[in-house]
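Note that the protein sequences, when read in sequence, are chains A and B. Take the first sequence: its letters are residues 50 to 306, numbered as in my numbering. Take the second sequence: its letters are residues 954 to 1266, numbered as in my numbering. We treat Cβ as the ideally placed atom computed from N, Cα and C, and that holds for glycine. The structure appears below as structure tokens.
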Amino acid sequence: MHLRQIWTIGKVTFKENLRKQLLQVILILTIAAIASTTLLSFFDMGVQVKILKDLSLAAILFSGGILAIAVSVGSIPAELQSRTAYPTLSRAVRRSDYILGKYLGICLTSLLCMGLIGLVFLGILAVYEHQFDTAVALGMGYVFLEVCLLAAVGMFFSLLVSPMVSATLSLFVFILGQMKIGYLHAAIENSHVPVATQVLQAVYYLLPNLDSFSFKDALIHNIAIPSSYLALVAAYAVVYTGFVLAVSSAVFSRREI
Amino acid sequence: MTDSVHTSSNNLPLAIECRNVTRVYRLPRNQSRKAVDSLNLDVPQGVVFGFLGANGAGKTTTIKMLLGFLRPTGGELRIFDEPCSEHTTRRHVGYLPEQPYFPAFMSPQEVLRMHADLLGLRPSERDDQIDSVLEITHLSQNRNLPLSRLSKGNQQRVGIAQALLGRPRLLILDEPTSGLDPLGRHEMRQIIARMRSEGRTVFLSSHVLSEIDTLCDQITVLNKGRVVACGKPSEVKQPETAVRIVTSSLTASIIEDLQTLGIEIDEPFQTTIECSAEQIYPVIGVLERAGAQLLSVSSGSETLEEAFLRLAA
């Protein structure tokens, strides 16, 4: 692993991503959606703060997911199609470092966008609560981890299938991952067809458990989250993302361009 | 890794070595196409090596295998005695693709800084080298303009500049003068000559045969993935074969007289007669008698273009 090469590729990817109009649209719409919740002044203050947190966290998760998918599924195929990858890969750059660099660029893009959205959200929240809500800030950090995991999955799909198909698959993972513990688990328990049970179990174990990243309910109702649980979820994100990136690197190392 | 350094037939250490390299592309319906067929190539260090072939002859496939973009179906490729499959081998290589593609929003300076960082150059060394290659490629004044605002020729210069970064021991140039104006082509030839004088190896793939003829110490001609000729340009071209006599017109009676000398004129409006050295005076006699104007008499070896057409046909 060559950190300077990864950082160089990451920087260029980041700059390239910032020029994407879709990203700018998502950013503006999400900030507008969060700001619009302040117009709900007909509720009392406590309810309004809860609605603000509920709608804003949902909007951040949704926009973060869409952003991660949009940026990750197109990054490498676009470089290969436009051949901008050739001069880079003609250097003494490991394919795995190229993958990590691209991934770093995508994560930096997500960090900037979510940071801007988060600043607006936390700013509005601070006006209502007269204090900085560290629990919500922490919750947003975990949404960022979820987005990074999803970006790794999107990038992995993009190495195997077309950007359109990989976007669809990533969206499928994003939606199913949110309901993994609830609906999918119940579906396995209630399934009476052995083949269907096996398929559901395979999907269950392969899908990332995105539901565990969401602390929305706890944050809305000001319930403290145990630090051991937070550590476990963070470790899960790192391990799952690391595994997906390792597989992506192996796939791309074997790929002919 | 072998202890001994591999050498060419004339005992020069090798920059590129290809042994029985074959590359087969799988096509739909269980069909396949051999793009490169049992290719053997020895490129000695310090030479300018021309790599010729018609479109689809296997040049780009070979270059892609040298850069590790493609894997050979069979055989082995080495650069400076290191396998091309290893990414570290490319630390010696500067590559100019046929059409260099860089993100359009970047400036030449940013592209070069990125590549200098990929090469692992230290900041001071990086800035010196960037200044130097910008100077060589005459891009200093445009260094901060986005590539989208540069002409095609200047974008090609950016490609050349990035290939020169890191002072590579081997330069692989795929159509380096593509998009360059005559002045740019002249400068490119100077850069290649400079690389040779500094002891670097230049692997040059080009369709501009006059350029190859002037610049290259050795050439290889590929046809349908196979080497059909290799050696010095003078060795690839056929030695003096014929004398060319150009006249103002060839009437039917002249053609008949020439046929009696054993000279066939294939095309009715042809005004060039090819004959052997012994036939010069009889031919001139025929032309004189018919009152045809003699425009020129020349002899010489085959041009590289003629050799290429003969070999690549």
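Excluding sequence positions up to five away, which residues of its chain have a Cβ less than 7 Å from the Cβ of residue i?
i: PHE1261 (chain B); result: LEU1005, LEU1162, VAL1174
i: ARG140 (chain A); result: none
i: LEU1019 (chain B); result: ILE969, LEU1030, ILE1032, CYS1037, ILE1125
i: LEU88 (chain A); result: none
i: LEU1264 (chain B); result: VAL1174, ASN1176, VAL1181, ALA1182
i: MET954 (chain B); result: Here the model assigns MET954 (chain B) a pLDDT of 38, short of 50, so the residue's position is not dependable and the matter cannot be decided.
i: LEU160 (chain A); result: PHE193
i: LEU256 (chain A); result: VAL222, LEU225, GLY226, LYS229
i: GLY1152 (chain B); result: GLY999
Taking only beta-carbon atoms, is residue i less than 8 Å away from chain B?
i: ALA81 (chain A); result: no
i: VAL142 (chain A); result: yes
i: ILE306 (chain A); result: yes
i: GLN310 (chain A); result: Chain A is shown only over 50 to 306; residue 310 (chain A) falls outside these bounds and no answer can be derived.
i: VAL120 (chain A); result: no
i: THR57 (chain A); result: yes
i: SER131 (chain A); result: yes
Distance, Cα to Cα, residue i vs residue j?
i: ARG1147 (chain B); j: THR1154 (chain B); result: 11 Å
i: PHE181 (chain A); j: LEU1126 (chain B); result: 59 Å
i: VAL252 (chain A); j: MET1141 (chain B); result: 57 Å
i: VAL192 (chain A); j: GLY172 (chain A); result: 18 Å
i: THR57 (chain A); j: GLU1128 (chain B); result: 28 Å
i: LEU71 (chain A); j: ALA245 (chain A); result: 38 Å
i: ASP956 (chain B); j: GLU128 (chain A); result: A caution first: ASP956 (chain B) carries a pLDDT of 41, below 50, which makes its placement in the model unreliable, though a value can still be read off. ASP956 (chain B) and GLU128 (chain A): Cα-Cα distance of roughly 39 Å.
i: ALA280 (chain A); j: ALA186 (chain A); result: 16 Å
i: ILE269 (chain A); j: ALA175 (chain A); result: 14 Å
i: ILE306 (chain A); j: ASN1107 (chain B); result: 26 Å
i: THR1014 (chain B); j: ALA988 (chain B); result: 7 Å
i: ALA1116 (chain B); j: LEU1049 (chain B); result: 6 Å
i: THR1224 (chain B); j: SER1201 (chain B); result: 6 Å
i: GLY1003 (chain B); j: ILE1172 (chain B); result: 4 Å
i: LEU1218 (chain B); j: SER1158 (chain B); result: For the sequence presented, residue 1218 (chain B) should be read as Ile rather than Leu. Each residue's Cα considered, the two are about 36 Å apart.
i: LEU1257 (chain B); j: VAL1001 (chain B); result: 16 Å
i: ARG1197 (chain B); j: GLY1112 (chain B); result: 42 Å
i: ARG1079 (chain B); j: SER112 (chain A); result: 40 Å
i: ILE148 (chain A); j: LEU294 (chain A); result: 8 Å
i: GLN998 (chain B); j: LYS1017 (chain B); result: 20 Å
i: PRO1025 (chain B); j: TYR978 (chain B); result: 10 Å
i: GLU195 (chain A); j: ASP1134 (chain B); result: 52 Å
Opposite residue i in the DSSP bridges: which residues?
i: ILE1032 (chain B); result: B:ILE969, B:GLU1035
i: PHE1004 (chain B); result: B:SER1158, B:THR1173
i: ARG986 (chain B); result: B:TYR978
i: GLU1227 (chain B); result: B:ARG1197
i: GLY291 (chain A); result: Answer by DSSP bridge pairing: none, since GLY291 (chain A) is not bridged.
i: LEU992 (chain B); result: B:VAL974
i: SER1252 (chain B); result: B:VAL1196
i: ALA1182 (chain B); result: B:VAL1174
i: GLY1027 (chain B); result: B:THR975
Of all Cβ atoms in chain A, is any one closer than 8 Å to the Cβ of residue i?
i: ARG1102 (chain B); result: no
i: PHE1004 (chain B); result: no
i: ASP1127 (chain B); result: no
i: LEU897 (chain B); result: The structure shown does not extend to residue 897 (chain B), since chain B is modelled only from 954 to 1266, so the question has no answer here.
i: VAL1046 (chain B); result: yes
i: MET954 (chain B); result: For MET954 (chain B), the predicted model reports a pLDDT of 38, less than 50, meaning its position is unreliable; a value from the coordinates is still stated below. Not an interface residue.
i: THR1020 (chain B); result: According to the sequence as given, residue 1020 (chain B) is Leu; it is not Thr. Yes, contact with chain A.
i: PHE1055 (chain B); result: yes
i: HIS949 (chain B); result: Since the displayed chain B opens at 954 and closes at 1266, residue 949 (chain B) lies outside it and no answer follows.
Identify, in the order they occur along the chain, each residue of the same chain with its Cβ nearer than 8 Å to the Cβ of residue i, setting aside the five sequence neighbours on each side.
i: ASN993 (chain B); result: CYS971, ARG972, ASN973, VAL974, VAL1180
i: LEU1118 (chain B); result: GLY1047, LEU1065, HIS1068, ALA1069, LEU1072, LEU1074, GLN1082, ILE1083, VAL1086
i: TYR177 (chain A); result: MET94, GLN97, VAL98, LEU101
i: VAL1239 (chain B); result: ILE1207, ASP1210, LEU1211, LEU1214
i: ASP146 (chain A); result: MET50, HIS51, GLN54, ILE55, ILE58
Out of the options, point me to the one whose CA is closest to residue i's CA.
i: VAL1250 (chain B); options: B:GLU1164, B:ILE1233, B:ALA1243, B:GLU1241; result: B:ILE1233
i: CYS197 (chain A); options: A:GLU305, A:THR137, A:SER121; result: A:SER121
i: VAL210 (chain A); options: A:THR246, A:VAL300, A:GLY150; result: A:VAL300
i: GLU1259 (chain B); options: B:GLY999, B:GLN1191, B:GLY1184, B:GLU1209; result: B:GLN1191
i: SER85 (chain A); options: A:THR137, A:LEU76, A:SER105; result: A:SER105
i: ASP260 (chain A); options: A:THR79, A:ASN239, A:VAL282; result: A:VAL282
i: SER276 (chain A); options: A:ALA184, A:LEU168, A:SER124; result: A:ALA184
i: LEU78 (chain A); options: A:LEU116, A:HIS51, A:PHE63; result: A:LEU116
i: ALA119 (chain A); options: A:CYS156, A:PRO257, A:ILE55; result: A:CYS156
i: LEU110 (chain A); options: A:ALA235, A:LEU76, A:VAL288, A:PHE63; result: A:LEU76
i: LEU967 (chain B); options: B:ARG1197, B:ARG1122, B:HIS1139; result: B:ARG1122
i: ARG132 (chain A); options: B:ALA1245, B:ASP1034, B:GLY1178, B:PHE1022; result: B:PHE1022
i: ILE55 (chain A); options: A:GLN73, A:LEU138, A:SER112, A:ALA82; result: A:LEU138
Considering only residues of the same chain and omitting the five flanking positions on each side of residue i, which have a CB-CB separation below 6 Å?
i: THR62 (chain A); result: LYS151, GLY154
i: SER302 (chain A); result: ARG144
i: ARG1149 (chain B); result: VAL1001
i: LEU218 (chain A); result: PHE206
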